[in-house]
Structure formats: structure tokens, C-alpha cells
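J.: Just dropping this structure here.
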Amino acid sequence: MPELPEVEIVRRGLNQFTLHQEITGGDVLLNRTIAHPISVDQFIPHLTGSAIATWHRRGKYLLAELTPSPQTHWLGVHLRMTGQLLWLHQDQPLQKHTRLRLYFQHQQELRFVDQRTFGKIWYVPPHLPVETIITGLAKLALDPFSPLFTLEYLAHQLQKSRRLIKTALLDQSIVAGLGNIYADEALFKSRILPTTPCADLQSQQIESLRTAIIEVLSASIAAGGTTFSNFLNVTGINGNYGNDAWVYNRASQPCRVCGNLIERIKLAGRSSHFCSHCQK
DNA sequence: CTCGGTTCCTGGCCGC
DNA sequence: TGCGGCCAGGAACCGA
105 MPELPEVEIV RRGLNQFTLH QEITGGDVLL NRTIAHPISV DQFIPHLTGS AIATWHRRGK
165 YLLAELTPSP QTHWLGVHLR MTGQLLWLHQ DQPLQKHTRL RLYFQHQQEL RFVDQRTFGK
225 IWYVPPHLPV ETIITGLAKL ALDPFSPLFT LEYLAHQLQK SRRLIKTALL DQSIVAGLGN
285 IYADEALFKS RILPTTPCAD LQSQQIESLR TAIIEVLSAS IAAGGTTFSN FLNVTGINGN
345 YGNDAWVYNR ASQPCRVCGN LIERIKLAGR SSHFCSHCQK
């Protein structure tokens with residue numbers, strides 16, 4: 105599932121291919137993909153004639169800064185479970201789950217393909233803060249790559265939660281960008297059991313967790329994102345990270361550190377993978 | 001206010 | 001081989 109590293113890989117690809125080219129039109133194939141404006145008919149006309157100055161990422165959200173305009177306007181994208189943004193020629197045959205097509209000059213196209221239809225796309229008009237339209241941004245925590253993502257910050261974020269650490273890590277208002285894969289991986293690297301209540305974590309463990317989060321995300325970005333799920337970068341290429349996952353999706357397989365069998369349990373409806381020998 | 005459960009959706013997989 | 005049902009999960013929403 106696209107988590108921070110996959111979204112970052114997509115962002116880099118978008119910045120490589122889509123900038124400073126006029127949007128000439130488009131086609132909405134599934135209305136509910138467009139989260140804003142409410143009237144889908146207005147979506148394509150709002151974008152037509154603009155170009156993308158740059159793509160930003162906040163947590164798992166992608167934000168395209170649109171020009172020209174006296175005031176900036178924005179295009180927002182969340183891939184959710186199965187969303188893919190592909191840069192291709194308009195002649196390329198439509199994928200079965202194509203939800204949105206944005207046409208660019210020279211017959212190029214930015215295509216949104218999303219099997220399970222949870223993905224969302226927003227248009228944010230000028231004069232409005234993006235948070236007022238893309239409401240998920242309003243309660244988003246710091247990005248782990250922010251210089252402000254310190255031990256003090258993470259400790260403070262976890263202090264206010266009475267939940268188990270695994271559940272807290274999936275909450276985007278505590279840390280932005282983690283999903284089920286990298287939450288399990290970061291907990292393994294920091295040797296913390298997913299069932300540990302946040303309040304029981306020692307300062308040393310929180311620092312270890314903070315470091316592990318940054319390392320796990322960095323390693324995946326360096327590998328081009330995960331092999332899991334149907335993640336593709338904008339040119340349609342899968343990543344390489346899944347092959348060296350420590351625990352994710354490895355239930356009943358030997359721990360890569362101690363050989364104990366990896367266990368799998370359900371926490372708040374999500375599967376959690378861990379080694380009960382390495383993690384305490 | 002906090003938090004867990006449910007929901008959205010499709011396709012892969014398991015067991016009979 | 002065919003098919004029913006379960007499972008995967010990000011985040012909004014609902015209700016305790």
C-alpha cells in the first residue's frame with residue numbers, strides 16, 4: 105500500500121516528468137474519485153490552461169502547485185490503498201481501473217488508476233488554505249523527515265495516547281506517513297513489541313523508535329519503494345523493498361536475526377507481525 | 001475528547 | 001475445476 109516512501113517515489117517521478125506543461129483537458133471516469141469540488145463537472149475546467157510548478161508531499165498526500173495564477177491553486181492526490189499515478193502517452197490503452205485522465209500538451213497524459221476506488225483527488229481554488237479543502241491535512245502530524253521530528257516531539261505525541269504503540273503509529277495525527285508495513289518494520293528495528301502501551305515506553309525506546317522510523321523509510325525510498333501491493337512509480341515500475349522486510353508479511357517464517365518464527369496478531373483490525381524473542 | 005469498530009471496494013486466495 | 005467467503009488496508013465516520 106502506498107505509504108510515505110512510495111508516495112515520495114511517485115512525487116519525484118512527477119517532478120521529473122509533469123512540470124511546466126499546459127493541462128489541455130481531461131476526463132473523469134469515476135465521479136467519486138473527485139473529493140472536491142462537489143460538482144464534478146467543474147473539476148476539469150478548473151485545471152485546464154494551468155501547469156504544475158512543483159509537486160509537494162505531506163505525509164501520504166501529494167500536492168501539485170498550479171500556475172499561472174496571482175494566487176496559487178492546488179491539485180491534491182491521496183493514493184489510499186491501490187491508487188497509481190502514471191505518466192504516459194494518450195495512445196496507451198486504458199487500464200481496467202482508470203479513474204481520471206489529465207491531458208497535457210504533446211499528447212502526454214497523467215492517468216490515475218485505482219482498483220479499489222478509495223483514492224481521492226481534490227482541486228483547491230485560489231485564496232483558500234489547502235487544509236480547508238483537504239481536511240485530512242489539518243490534523244496531520246510532522247513528517248518523520250522534518251528536522252522538528254525530535255525525541256521530544258515523538259515523546260510528547262505518544263504521551264497523549266493511551267493506546268498500544270502499533271495502533272498509535274498508524275494514526276496520522278501522531279506521526280505522518282507510516283502505514284502497516286513500515287510501522288511493523290520500525291517496531292522490529294527498535295525491538296519494541298507492537299502490544300506495548302505508549303505510556304510504558306522508556307525515553308531510550310522512543311529515541312530508538314524515532315531513529316528506526318527514519319531508517320526504515322529512508323531504506324525503502326533508496327530501494328524505490330515496496331514490492332508489496334500493486335505499487336508502481338509513474339513510469340509503471342515496481343519497487344524493491346519488500347524482499348528484505350524484517351517482519352512484514354513473514355508470519356511463521358524464521359526471524360532474520362534470531363531464527364524464531366515471526367508471529368502475527370490482529371490489533372485494532374490490522375495485522376501485526378513481530379518476533380517475540382527480538383522485541384520486548 | 002478518545003478510541004475501537006465499521007465502512008468503502010476489488011481481486012487473490014483458501015478450502016470444500 | 002468452480003465457487004463462496006474471507007482477507008488485504010487508509011482514513012472518514014459513527015457510537016460507546
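Counting from 105, one number per residue, gives the positions in the first sequence under our numbering. Glycine included, each C-beta is placed from N, C-alpha and C at the ideal position.
1) Cutting at 7 angstroms between CB atoms, please list the residues of its own chain near E112, excluding the five before and the five after it.
2) Would a C-beta distance cut-off of 8 angstroms place T137 and R203 closer than the cut-off?
3) Are the Cβ atoms of L123 and I148 separated by less than 8 angstroms?
4) DSSP state of K370, grouped into three classes?
5) Mind checking whether L109 and G340 have CB atoms under 8 angstroms apart?
6) First and last residue of the beta strand (DSSP E) that includes Q212?
7) Within a Cβ cutoff of 8 angstroms, which residues of the same chain sit near H210, ignoring the five residues on either side of it in sequence?
8) Rounded to whole angstroms, what is the Cα-Cα separation between P230 and Q309?
9) One question on the structure: do R267 and F222 come within less than 8 angstroms of each other, judged by their Cβ atoms?
10) To the nearest angstrom, how far is it from the Cα of S154 to the Cα of N284?
11) If you draw a straight line from the C-alpha of C382 to the C-alpha of R295, how long is it?
12) Let me know if N135 comes out buried or exposed under the rule of 16 or more other beta-carbons within 10 Å of its beta-carbon.
13) By a C-beta neighbour count over all protein chains shown, 10 Å radius and 16 as the cutoff for buried, is A372 buried or exposed?
14) Please state the DSSP three-state secondary structure of H182.
15) Where does the unbroken beta strand (DSSP E) through Y352 begin, and where does it stop?
16) Cβ-heavy atom distance between E126 and the ligand ADP below 7 angstroms?
17) Could you tell me which residues DSSP pairs with V388 in its beta bridges?
18) Can you have a look at N337 and say buried or exposed, based on whether 16 or more other CB atoms are within 10 angstroms of its CB?
19) Kindly indicate which residue of L179, N344 and I278 has the alpha-carbon position closest to the one of W226.
20) Going by the DSSP bridge assignment, what does F208 pair with across the sheet?
21) E256 by DSSP, collapsed to three states: which one?
22) So for R136, helix, strand or coil by DSSP?
23) Just to confirm before moving on: does the CB-CB distance between R205 and D131 stay below 8 angstroms?
24) Grab the span of the beta strand (DSSP E) containing G187 for me, first residue to last.
25) Just mark S376 as buried or exposed, buried being the case when its beta carbon has 16 or more other beta carbons within 10 Å.
26) Since A282 contacts E107 with CB under 8 angstroms, what's their CB separation in whole angstroms?
27) To which residues of the same chain is L297 closer than 7 angstroms at the C-beta, ignoring the five residues directly before and after it?
28) Look at the alpha carbon of V144 and the alpha carbon of A245, and state the distance between them as a whole number of angstroms.
29) According to the neighbour-count rule (16 or more other Cβ atoms, all chains shown, within 10 Å of its Cβ), is P172 buried or exposed?
T.: From the atom records:
1) The answer, listed in chain order, is R161 and I325.
2) If you check the CB distance, T137 and R203 come in under 8 angstroms.
3) Taking 8 angstroms as the Cβ cut-off, L123 and I148 do not qualify as a contacting pair.
4) Strand, per DSSP.
5) Residue 109 is actually Pro in this sequence, not Leu. No; because the gap between Cβ atoms is not below 8 angstroms, this pair is not in contact.
6) Residue range Q212 to D218 is occupied by the beta strand (DSSP E) that includes Q212.
7) If we look at H210 and ignore the five residues flanking it on each side, its Cβ neighbours are Q125.
8) The alpha-carbon separation between P230 and Q309 amounts to approximately 44 angstroms.
9) R267 is not a Cβ neighbour of F222, given a cutoff of 8 angstroms.
10) As the crow flies, the alpha-carbon of S154 is around 36 angstroms from that of N284.
11) If you take the alpha carbons of C382 and R295, they lie about 6 angstroms apart.
12) Residue burial is scored here from C-beta neighbours: N135 has fewer than 16 other C-beta atoms within 10 angstroms and is therefore classed as exposed.
13) Flag for A372 reads exposed.
14) Looking at H182 - three-state DSSP - the assignment turns out to be strand.
15) Looking at the DSSP string, Y352 is not in any beta strand (DSSP E), and its letter there is neither H nor E.
16) Annotation note on the ligand ADP: not contained in the displayed structure, which lists no ligands.
17) With the chain represented from 105 up to 384, any question about residue 388 goes unanswered, as that position is not in the structure.
18) With 16 or more Cβ atoms within 10 Å of its Cβ, N337 is classed as buried.
19) Measuring from the Cα of W226, the nearest candidate turns out to be L179.
20) Paired residue(s): I127.
21) Correct three-state label for E256: helix.
22) Secondary structure at R136: helix, using DSSP grouped into helix, strand and coil.
23) Result yes, Cβ atoms of R205 and D131 sit closer than 8 angstroms.
24) Note, G187: beta strand (DSSP E), G187 to H193.
25) Buried, since its Cβ has 16 or more Cβ neighbours within 10 Å.
26) Checking the sequence, you will find Leu at residue 282 rather than Ala. Taking a contact as a CB-CB distance under 8 angstroms, the pair L282 and E107 counts as one, their CB atoms being some 6 angstroms apart.
27) Here the set comprises F378, Q383 and K384.
28) So the alpha carbons of these two residues sit roughly 30 angstroms apart.
29) Around the beta carbon of P172, fewer than 16 other beta carbons sit within 10 angstroms, so the residue counts as exposed.
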